[in-house]
Structures are given as structure tokens and as C-alpha cells.
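Protein chains in written order, with the UniProt record's numbering: chain A, 1 to 708; chain B, 1 to 474. Below is one structure; the comments refer to it alone.
Right under this line is the structure:
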């Protein structure tokens with residue numbers, strides 16, 4: 001049955017049901033005021049928060065028909081999505097720092113993955129079907145969220161309530177991958193079912209299941225059964241099949257709230273090697289091509305129990321307990337391409353993390369008119385495993401348990417109605433590293449003319465990773481070692497945000513304007529260093545530093561049915577590479593722009609949206625030699641590129657049926673050129689390219705909302 | 001309310017429909033191809049029986065048979081004639097049974113009468129029929145059997161390097177189509193048999209050597225040389241470290257140990273880094289682990305004794321030494337000595353009986369000093385073997401004939417093949433076979449061969465299983 005036929009059937013059926021439902025707008029319950037959770041003592045409005053929290057609401061997720069977090073963050077200022085086509089993962093880069101410096105949380109709890117707790121998250125593994133909103137805070141958040149929250153955090157807030165007794169929401173989404181689409185072996189196919197139910201006034205539950213079948217992108221590659229050794233076997237983007245099931249039970253009683261959330265995720269990524277061994281039999285002049293392939297199987301379990309309530313009349317508590325596990329297994333085998341025969345099959349654990357995590361706070365302690373305190377703890381015990389296939393280690397594999405015990409406290413002083421200050425401190429104790437301390441100081445000042453000024457200072461350490469600690473690559477020609485004595489890197493940040501909202505007298509339009517400036521630095525940066533010149537030996541050491549500063553200006557205009565927003569960001573980065581003999585620590589600057597337009601046509605029940613993001617040229621210094629053989633530095637640049645997504649969402653039958661048609665990557669970005677790899681003589685720097693996308697793609701999403 | 005259930009069901013149906021997918025992999029029915037393993041065989045002076053091998057493209061899918069016919073030049077079949085076969089030929093055709101599952105077959109060719117000097121005597125075998133469904137012959141469908149020793153027409157060889165630790169040095173004689181292999185750890189020093197008095201070190205173990213001021217070997221202590229030890233090694237990324245290894249071109253005048261002088265007092269003690277044992281750990285699939293534990297340090301001193309060498313050697317910490325006397329033998333490039341077993345050892349075949357040496361090798365990277373290579377192929381430059389690389393784009397291997405040979409391009413450097421038959425690999429990529437190059441090899445007898453590597457790894461991707469095919473150009 002083709003999609004079109006089903007749709008015709010559906011439409012016919014729906015004609016009968018047009019008026020069978022009572023009028024109730026499912027989005028009507030959304031508060032007009034943006035409410036945030038991240039870094040707060042309790043849920044509160046964005047304007048009251050001392051932190052600057054960027055909110056991506058459900059509406060935007062829906063408009064983009066985003067099927068994972070990467071689709072959404074692609075449009076966010078200062079964030080770059082870095083896809084790794086060879087592993088199938090997508091990481092995030094914020095302020096030029098990779099995903100080791102960035103933490104992803106779900107409902108305030110860092111999300112485990114096979115490489116870390118909250119860090120190194122693969123954004124494509126984060127399904128957004130039960131998400132209410134995504135909150136982003138830029139800057140070091142060590143006091144609130146501990147180590148590895150150097151460049152910022154993302155807190156994914158899940159949906160925990162509904163205005164309806166029953167909400168049943170199945171959808172299907174069909175996407176082309178670039179120009180590739182087919183029912184079985186090409187394109188992306190998503191099926192999802194979400195059910196929410198208010199059992200009683202106090203009890204609510206929901207469950208979501210989503211299957212996301214990404215057939216990979218072929219490009220000039222020819223898939224698994226291609227037998228020539230010309231680099232065309234396999235896929236340009238690896239095929240991936242994901243299953244995701246989530247369930248939530250929530251209790252909302254008098255003075256006690258609790259929820260339990262469970263998540264199961266699995267993923268199968270297939271890597272068909274481009275290298276084909278011809279196995280020529282010279283005598284018979286026949287070949288029997290074979291290749292070495294890998295299938296990665298990831299599984300994630302996530303339990304989260306949260307309890308919050310009032311201890312006394314004023315004091316609140318909030319505690320989360322979570323047990324999480326993510327394991328990536330690999331099946332390696334050799335494949336006789338012509339006879340479709342696997343041999344030398346082996347399966348083993350590739351990488352994993354599992355463990356217990358808990359975070360609790362006591363809020364509104366010693367509360368009075370002008371002050372307010374919060375005490376909290378955060379503990380975790382994470383067992384990590386990394387096989388020799390995941391890294392070069394001295395032992396067969398790395399098994400390591402990292403326990404951390406943090407306590408933190410902060411206070412909020414309301415000096416006047418206009419001025420409040422919030423200092424905070426956290427002590428981080430761990431089973432592996434020396435105790436660390438993180439500080440924060442946030443202030444908010446409200447000017448007479450409704451300008452809001454926030455200044456946020458923060459610090460956060462970044463713990464060394466397994467490669468840095470345990471690498472071991474020593475043979476006759478090489479000597480490269482990890483360093484188990486490494487200290488965590490230290491990150492500092494300072495942010496200044498000036499914000500104002502303007503309204504028309506008759507509220508016909510409103511404009512939110514924000515100007516931000518920041519400075520962020522990372523000291524004791526871990527880098528591979530020459531520790532001996534003869535014989536040449538390398539080791540990881542705390543030696544370098546990194547600095548970045550920047551400005552951004554964003555505006556959001558609402559006028560009637562039109563929403564328009566635009567932003568510009570300008571930032572510079574400087575690297576102090578003590579690990580190298582020579583370096584150039586001049587700042588290198590780049591620009592990003594983004595814009596979004598959304599227009600609602602009530603007569604047609606249709607929303608048109610377009611999202612655009614421009615990333616300007618990015619630079620880095622490359623070491624080279626001039627004609628005299630002296631070391632010089634040249635500016636290598638990566639080309640600019642822009643990302644444009646556009647969708648039309650039309651609702652039928654009282655919003656019960658929604659059809660979203662859209663296009664991603666309308667500018668058709670695949671690769672951008674970058675000058676890389678110095679080492680040669682001048683002018684010999686190779687131009688290579690970075691794979692960013694798979695080209696212009698189209699999608700169709702058909703969803704049904706049954707609200708009872 | 002009842003009616004709204006139907007659309008949900010329909011939608012669910014749609015979900016199910018779009019969720020199902022089938023694995024539509026198709027299996028290609030392959031032909032069963034039979035061929036002679038090699039295009040020629042010749043009888044040595046003392047030989048009178050040869051196995052004639054046939055190979056199949058795949059294991060036989062069923063029982064069947066293959067027929068081989070023959071035509072002779074000055075040779076006829078029969079018990080009282082020039083040759084017979086086992087099984088015997090019937091009406092000029094040898095029929096071999098093929099058992100289901102078999103990957104090869106063979107029969108015996110018995111030479112009854114030698115060739116008369118000066119007249120060619122040979123038999124050409126031909127696969128005349130393959131009785132098996134989808135069976136056919138292809139590739140080497142005929143084979144020449146020469147009654148006297150002649151240069152091989154070519155064929156295929158798989159040097160027994162021994163897997164990913166590459167434990168063996170394998171010497172290949174193309175014209176005789178044979179190989180001999182020896183453990184890399186069997187020897188330490190090689191004494192030149194030519195006019196010069198030169199001693200080479202075992203580059204396959206990454207040995208290195210440095211001259212010391214002392215001439216009394218027993219007086220040299222570990223403390224004296226401690227400062228030197230860090231530098232006297234392979235792979236230190238110090239451009240100056242090439243002084244401690246033999247010139248990788250194979251030029252005998254470039255050994256790290258100076259020419260042995262007639263004047264004993266001029267022959268200094270050398271500090272000898274014994275390199276690394278053969279690796280024992282199994283590397284990741286596709287990788288190599290050629291170097292294991294360190295073999296420690298020794299001290300040596302070489303003297304001349306008429307036309308012979310006298311080697312003094314001891315462990316670095318010893319205060320007494322041992323001696324071995326080494327006599328030159330002009331039939332070989334070198335005489336080999338093991339300092340571990342305190343004996344002369346036989347390593348290389350006679351110098352006109354090998355062309356290529358598959359070995360681990362100490363090469364140099366210009367500007368970065370010595371660097372260890374796996375999968376190396378050294379030519380017997382001292383036995384007058386030379387070679388050069390041809391880009392298949394300029395002339396495909398199949399089309400290359402004797403008239404395409406560029407004698408100017410022949411390189412007498414023993415690295416003429418070297419590692420240039422494979423792609424080097426790097427972070428995240430493993431070395432792989434270069435399929436777009438082949439080589440022209442001229443052997444010591446003046447035979448020209450074209451030679452193409454067909455494997456770097458085995459079918460499972462494990463390193464240390466090289467293979468090549470070659471053809472005599474005539």
C-alpha cells in the first residue's frame with residue numbers, strides 16, 4: 001500500500017468524523033509566559049531567572065518536524081553540529097569547544113551514553129517526541145551541574161501533564177535523504193505512537209514509542225553488495241535503525257510531587273567498509289571479494305525517579321535518583337560479497353557506561369524578604385568500559401569506576417526590587433581526581449525603563465577522558481602515552497546580557513531584544529605534548545589554554561500572526577599551545593547569523609515557517625614553512641555555509657489531523673571546503689572538505705491527535 | 001466517538017506497512033573455474049617426478065571430473081617412451097575426478113627420458129574439458145612441462161611471512177619458482193663475502209649500532225655507554241639516527257659498522273642495540289605487531305684474519321668475551337652469525353638463487369631518521385637483481401610486453417619495490433594493497449618478469465599473508 005493511497009483512505013474516513021469531537025485546542029494550555037527549570041530554585045518565568053536561559057519550545061520542534069536533537073540545534077546560534085559520518089554520531093560544538101565540554105540533561109539529570117555521563121552525547125540518539133521544551137544555558141555551570149559543564153548545558157524538559165483525560169497521538173514521517181528515497185532501503189521512515197492519560201486528578205501517565213529507520217545516504221557509494229575496490233562500497237552516511245520507548249508516571253499531591261520516568265533506546269548502525277579485498281586467484285583469473293564490516297548495537301536504559309515537595313511551610317526539597325546504562329556492542333565479521341556470506345563473526349562489548357546518579361536540593365532555606373538559600377548534593381558512581389577497538393590502550397580494555405560526591409550551596413540576595421545577586425559554590429570530590437571547586441556569581445538588575453541586565457560568572461572543570469588517561473601506542477616507531485596523573489581542565493566564563501521587551505500600545509506587536517557579550521577560557525587544557533625528543537615520545541599533559549570572546553544580538557518580533565526572529569553572533573577564539581614548539585595565539589574571528597519566520601494563516605489552519613542559519617568562514621592556524629625553512633603560521637579557513645529549513649503545517653478536522661510538509665537543507669549543503677594539514681612547504685596545504693549534510697531533503701509528516 | 005477509532009487503525013496500519021522491510025540480498029550463482037596453478041614447470045637435473053596441480057575458483061559444488069590433453073615437442077607418452085602420468089592417460093587424455101568440496105586436484109608427471117643436450121623437449125598440457133555443472137576452464141588453461149631446467153614462465157606465489165607478527169624472512173626465486181623462509185631472529189650479524197670487509201646488522205629486528213672509542217671489548221662497561229643508548233635505536237624521530245643503521249639502499253659501503261681494517265687497533269668496539277624480539281601479541285585485524293620485547297644490548301668488535309673475519313662479542317655487562325671466526329664464501333652475499341646461539345647460521349640461499357626478500361625492514365624517512373617497516377620487499381641488489389614500478393594507468397599489467405620494458409628505469413637500490421606495493425595507512429586507516437601498480441623485475445640471469453601483488457592480507461583481512469603473480473616477459 002502506497003502512502004498516497006493510505007492518505008486518501010484516511011481523508012475519506014476523516015470526512016465522516018469532522019464534527020465528532022468537541023472543540024478544544026491542544027495547544028491552548030501552553031502558558032504565554034516562558035517558564036524555565038534550568039538552574040532555578042523552582043520553575044519560574046524566564047524573566048525572573050538570574051540565568052539567561054534560551055528556550056526552544058515544542059512549537060519550534062513541531063515546525064521543524066525534528067526527529068532528533070541535532071535537527072533542532074542546527075538552527076541555534078553559537079552551536080555547530082558536527083556529524084561524524086564514519087561513526088554515525090553527531091556531536092555538538094559550542095564556542096569552539098567539543099561535546100566533552102558540554103552537558104546534556106533530561107529533567108535536570110545528565111543523560112548517560114556509552115562515552116560519558118552527560119558529555120559526548122550523540123545528538124541523533126535523542127528523540128524529542130515526549131519533550132515539552134529544550135532549555136539552553138551558555139557558560140560554565142559548575143555550581144549547578146558539576147564538572148564538564150564548561151561551555152554550557154542543554155536541559156531537555158519532558159512533558160508531564162495534559163489537559164485531557166486521554167491523548168493518543170500516532171504519527172508517521174517519511175523523509176528523503178538528499179534525493180534518495182525508497183520504501184525499504186532508502187530514505188528515513190519514522191513511526192511513532194504516544195499515549196497520555198490522566199488516571200485521576202493526581203495521577204498522570206504517558207508512554208511513547210518511536211521507530212526511526214534511517215537507511216543511510218549513499219551519495220556516490222554503492223552499499224553493502226558492491227564488490228569493486230574503488231572506494232565506493234558502503235555508505236556516505238551510515239544506516240541506522242533506532243527504537244525508542246519511554247514511559248512516565250507522575251503523581252501530583254498536596255505538598256508532594258513525584259514522577260518516575262523510564263526510557264529504553266536501541267540502535268543498530270551498520271558500517272560496510274569501503275575497502276574491498278579482491279582475493280584474485282591468478283590461476284583461474286577469478287576473484288572472491290571480501291570486506292571487513294562492523295555492526296554496532298547500542299542499548300540504553302534510563303530510570304529516573306524524582307520527588308519534590310515542601311519540608312516546612314517554606315522549605316522545598318527536590319531529589320532525583322537515577323540508574324542509567326548505555327552499552328555499545330560491536331559485531332565484527334568478514335563478508336564474502338558475492339555469496340552474501342558472513343565469516344569470522346565475533347561479538348563483544350565496545351564501550352559502555354552504567355551507574356547510579358542522584359541530585360538533591362533544599363530550597364528557600366532561611367528564607368526572608370531579602371535572602372534565600374539553596375543547598376544541594378550531587379553524587380554519581382559510574383562504571384565505564386572501553387574495549388581495545390575503541391582506543392589504543394596498554395591493556396586489552398579499560399574498566400574504570402568513577403565516583404563523585406559533590407555538595408553545593410547558593411544564595412539569592414534580593415538587594416532591592418531591581419537588584420538581586422546569587423553567589424554559589426560547589427565542592428567536587430571524586431575517587432580519581434583531586435578535589436575541585438566551582439564558583440558562580442549571577443546578578444540581575446532591572447532598570448527603570450524595563451531593561452534587564454544580567455551578569456553571570458561561572459566555573460566548571462572538565463575531567464580527562466579515557467584517551468587522555470590511558471592511551472598507549474608504543475611500537476618501534478612511536479611512543480604515545482596517556483597520563484593517569486592528569487588534572488581536570490579548568491573552565492571559566494563571564495556573560496553579560498542586556499534584554500528588553502517592547503510592546504505596541506495596543507499589543508499589536510511586541511519585540512524582544514537581547515544583547516550578549518561573553519568571555520570564556522579553559523586553562524590547564526590537556527594536549528599531547530612532546531615529553532622526550534630522543535627518542536621522540538608523546539604524552540598527554542595539562543599544558544595549553546583556550547580563550548574565546550564574543551557578542552551576540554538577537555531580536556524576536558511578534559506581529560499579529562507573524563513571528564520573526566533574527567540574531568547575529570560574532571566571536572573570536574585564541575589557542576595558546578604550549579604543547580607545540582611554536583604557536584600563534586592571535587584571535588581568529590567568525591560570524592554566525594540566524595533567522596526564523598513563522599506565519600500563521602488561521603483561515604487555512606496553516607503555519608508557514610522557515611529557519612535559516614548562516615555560519616561564516618571559520619579559521620584556524622596551520623603550521624607551515626616558508627622558503628627559508630622557517631616555521632610560519634598561515635590562516636586555514638573553512639568555507640562559509642548556510643542551512644535553510646522550511647515547512648508548511650496544515651491542520652485538518654479541528655487540529656486532529658496534522659500534515660507537515662517540509663524541506664531540510666534547502667541550500668543543498670553536503671561538504672564545505674577546509675584547508676587542513678600543514679607540514680608541507682608553503683602553498684602545499686591540501687584542501688579537504690568536511691561532510692556536513694547529505695543535501696536537500698523533503699519530508700512529509702502525518703500525525704493524528706485524539707484528545708478525549 | 002466510535003467512528004474516530006477507524007482512522008487510528010488506518011494510521012496504525014500505515015505504520016505497520018511502512019515499518020516492514022525485506023532483506024533482498026541476491027546470491028550470484030558463480031561459475032566453477034578450473035586452471036593450472038602455474039603455467040610452467042621444469043625438471044631439475046636430479047628430478048624425475050613432478051606434481052601437476054590444478055586449482056578451482058571455489059570448492060567444488062558437486063562430484064565431477066576434468067580432462068587434460070597434451071601435445072609434445074620431441075616427447076611422446078608411453079612406458080617405454082619419454083613420460084607417463086599417474087593416473088595414466090587414456091587415448092591421450094588424463095581424467096581427474098573432482099570430489100564435491102575439493103578446492104584442488106593434481107596428478108603426477110613422470111619423466112622417463114632426459115632431454116638430449118641442445119634439443120628442446122617439452123610437453124604442453126591443456127585443460128580440454130570440465131565435467132561439472134557451470135564448470136569451465138579459465139586463466140592458466142595450459143601448462144608447459146620442460147624436461148630440463150628452464151626459467152619459470154610465471155605463476156603465483158604466497159610468501160610465508162607468517163601472519164601479523166611477520167616472523168619470517170622469505171627468499172623468493174622467481175625463475176625456479178620457489179621460496180625459503182627463516183625466522184628473523186635466527187641471525188644478528190651478516191659478514192660480507194665480497195671484496196670489502198663489511199658487517200651488516202639485522203635490520204628486520206630494528207637493530208642499531210654505534211662506534212665506541214675503546215678497542216678493548218672487555219673494558220667497555222654499561223656505564224660508559226649509558227648516555228649513548230637512548231639515541232642508538234630505530235624510530236627515535238631524530239634525523240641523525242641514520243648513522244646507527246645500515247644505509248637502507250643496501251650499498252655495502254654504507255654499513256653502520258665501518259670497513260674492518262687490517263690494523264687491529266683501528267677496529268673499535270661497537271655498542272650493539274639488539275633490537276626487538278618478534279612480536280607475540282596478536283594485533284587488531286589488519287594491523288601488525290612486528291616488535292616485541294627488547295633483545296637487550298651487546299658489544300662487538302670485528303677484526304680481520306687474512307681473508308677471514310674474527311668476531312669478538314659479549315653482553316654489555318660482561319668483562320670477558322667470546323670469539324667466532326667467519327670465512328668468506330663467494331657463493332653467498334653474506335655469512336650469518338647468531339650471537340644468541342654462538343654459531344654461524346645459514347640464512348640466504350646462494351646469491352644467484354634468490355631475487356626478492358619479504359621481510360621487516362629498517363628504512364628511513366628523510367628528515368625523521370630511521371623508521372621500521374612491515375611488509376617490505378627487498379630486491380637482491382648484490383645478486384644483480386633490479387626492479388622498477390609501473391603505473392597500471394600508463395600500461396595495464398595484462399598488456400605489458402617485453403617491448404615495454406624501460407631498462408633505464410631499473411633501480412639497483414634494494415628498496416626498488418620496498419613498501420611501494422601497498423598504501424601506507426594512517427590514523428584510522430589500515431594499510432591496503434595498491435592495485436594500480438605492478439613491477440618489472442630483472443633477475444641475475446637477465447630474465448625479465450612483470451610482477452603484480454595480489455594480496456597484503458588474507459581473506460579475513462589479517463596482515464602478513466602477501467601474494468603475487470608474475471609472468472616471464474619473452
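Beta carbons are placed, not taken as given, at the ideal position from N, Cα and C, and that holds for glycine.
Cβ-Cβ distance between residue 216/A and residue 232/A below 8 Å: 8 Å or more divides the Cβ of residue 216/A from the Cβ of residue 232/A.
Rounded separation between residue 304/B and residue 232/B - CA only: Distance between the alpha carbons of residue 304/B and residue 232/B: 25 Å.
With a threshold of 16 other CB atoms inside 10 Å of the CB of residue 518/A, please say whether the residue is buried or exposed. Buried: at least 16 other Cβ atoms inside 10 Å.
Exposed or buried, residue 224/A, counting other C-beta atoms within 10 Å across all chains shown (16 or more means buried)? Classification of residue 224/A: buried, given that the 10 Å Cβ count is 16 or more.
Residue 244/B beta carbon near the ligand HEM (any heavy atom closer than 7 Å): With respect to the ligand HEM, the structure offers nothing, as it holds no ligand at all.
Chain B beta carbons: is any one of them nearer than 8 Å to that of residue 728/A? Summary: the structure shown does not reach residue 728/A, with chain A confined to residues 1 through 708, and so no result is reported for it.
What ranges does the beta strand (DSSP E) occupy inside the stretch 278 to 357 of chain A, keeping only unbroken runs of at least 3 residues that lie completely in it? Counting only runs of 3 or more, we get 290 to 310 and 316 to 336.
Spatial neighbours of residue 57/A within its chain, please: CB distance less than 6 Å, with the 5 preceding and 5 following residues excluded, ordered by chain position. Correct list, in chain order: 133.
In the DSSP assignment, find the alpha helix (DSSP H) that holds residue 58/A and state where it starts and stops. It spans 58 to 64 - the alpha helix (DSSP H) in which residue 58/A sits, taken as one unbroken run.
Residues of the stretch 360 to 390 of chain B with a CB closer than 8 Å to any CB of chain A: list them in chain order, please. Correct list: 371 and 372.
What residues from chain A crowd round residue 36/B, counting only those whose CB sits closer than 8 Å? Those are 283, listed as they occur along chain A.
Between the Cα of residue 100/A and those of 692/A, 40/A, 640/A and 464/A, spot the shortest distance and give me the residue it belongs to. When the alpha-carbon of residue 100/A is set against those of 692/A, 40/A, 640/A and 464/A, the nearest one is in 464/A.
Taking only beta carbons into account, state which residues of the stretch 452 to 482 of chain A come closer than 9 Å to chain B, listed in chain order. Within the stretch 452 to 482 of chain A, contact with chain B at the beta-carbon level (separation under 9 Å) is assigned to 475, 476, 477, 478 and 479.
Taking only runs of the alpha helix (DSSP H) that begin and end inside the stretch 190 to 232 of chain B, which ones reach a length of at least 4 residues, in chain order? Qualifying alpha helix (DSSP H) stretches, in chain order: 222 to 229.
Contacts around residue 471/B, its chain only, beta-carbon distance under 6 Å, and the 5 residues preceding and following it disregarded: Excluding positions up to five away in sequence, the list reads 154 and 450.
Are there three or more Cβ pairs, one per stretch, closer than 8 Å when the stretch 164 to 174 of chain B is compared with the stretch 274 to 283 of chain B? Touching, per the Cβ criterion.
Looking only at its chain, what residues have a beta carbon closer than 8 Å to the beta carbon of residue 101/B, apart from the 5 residues adjacent to it on each side? Answer for residue 101/B: 59 and 60, listed in chain order.
According to DSSP, simplified to helix, strand and coil, what is residue 602/A? Correct three-state label for residue 602/A: helix.
Whole angstroms is fine: what's the gap from residue 457/B's alpha carbon to residue 253/B's? Their backbone Cα atoms lie some 35 Å apart in a straight line.
Quick one: using the 10 Å Cβ neighbour count with 16 as the cut-off for buried, is residue 396/B buried or exposed? Flag for residue 396/B reads exposed.
Can you list, in chain order, the stretches of the alpha helix (DSSP H) that have 4 or more residues and sit fully within the UniProt domain "TonB-dependent receptor plug" (49 to 153) of chain A? Runs of the alpha helix (DSSP H) inside the UniProt domain "TonB-dependent receptor plug" (49 to 153) of chain A: 58 to 64, 69 to 73 and 142 to 145.
Helix, strand or coil, according to DSSP, for residue 587/A in the structure here? Coil at residue 587/A, not helix or strand.
Residue 129/A at chain B interface by Cβ criterion, 8 Å: No, no contact with chain B.
As assigned by DSSP and simplified to three states, the class of residue 407/B: DSSP places residue 407/B in helix when its eight states are reduced to three.
CA-CA distance, residue 409/B and residue 390/B? Each residue's alpha carbon lies about 10 Å from the other.
Residue 693/A classed as buried or exposed, judged by whether at least 16 other C-beta atoms fall within 10 angstroms: Residue 693/A should be labelled buried.
Evaluate the contact criterion for the stretch 333 to 340 of chain A versus the stretch 369 to 381 of chain A: three or more CB pairs, one atom per stretch, below 8 Å. Touching, no, given that fewer than three Cβ pairs across the two stretches are closer than 8 Å.
How about residue 326/B and residue 308/B: do their beta carbons lie closer than 8 Å? Yes.
Status (buried if at least 16 other CB within 10 Å, exposed otherwise) for residue 44/A: So residue 44/A ends up on the exposed side.
Touching or not, the stretch 318 to 333 of chain B and the stretch 235 to 247 of chain B, by the rule of three or more beta carbon pairs under 8 Å? By the C-beta criterion, the stretch 318 to 333 of chain B is judged not to be in contact with the stretch 235 to 247 of chain B, since fewer than 3 inter-stretch pairs fall below 8 Å.
How would you list, in chain order, the residues of chain B whose beta-carbon sits under 9 Å from the beta-carbon of residue 389/A? Those within 9 Å of residue 389/A in chain B are 284.
Let me check understanding here. Comparing Cα to Cα, which of 245/B, 312/B, 81/B and 234/B lies closest to residue 291/B? If we check each option's Cα against that of residue 291/B, 234/B comes out closest.
For residue 316/A versus residue 368/A, is the C-beta spacing smaller than 8 Å? A distance of 8 Å or more separates the beta carbons of residue 316/A and residue 368/A.
Alpha-carbon spacing of residue 267/A relative to residue 374/B, whole angstroms: Roughly 38 Å between the two C-alpha positions.
When the Cα atoms are used, what is the spatial distance from residue 378/B to residue 84/A? Spanning the two alpha carbons is a distance of roughly 40 Å.
In this structure, how does DSSP classify residue 417/B when only helix, strand and coil are distinguished? The answer is coil: DSSP assigns residue 417/B none of H, G, I, E or B.
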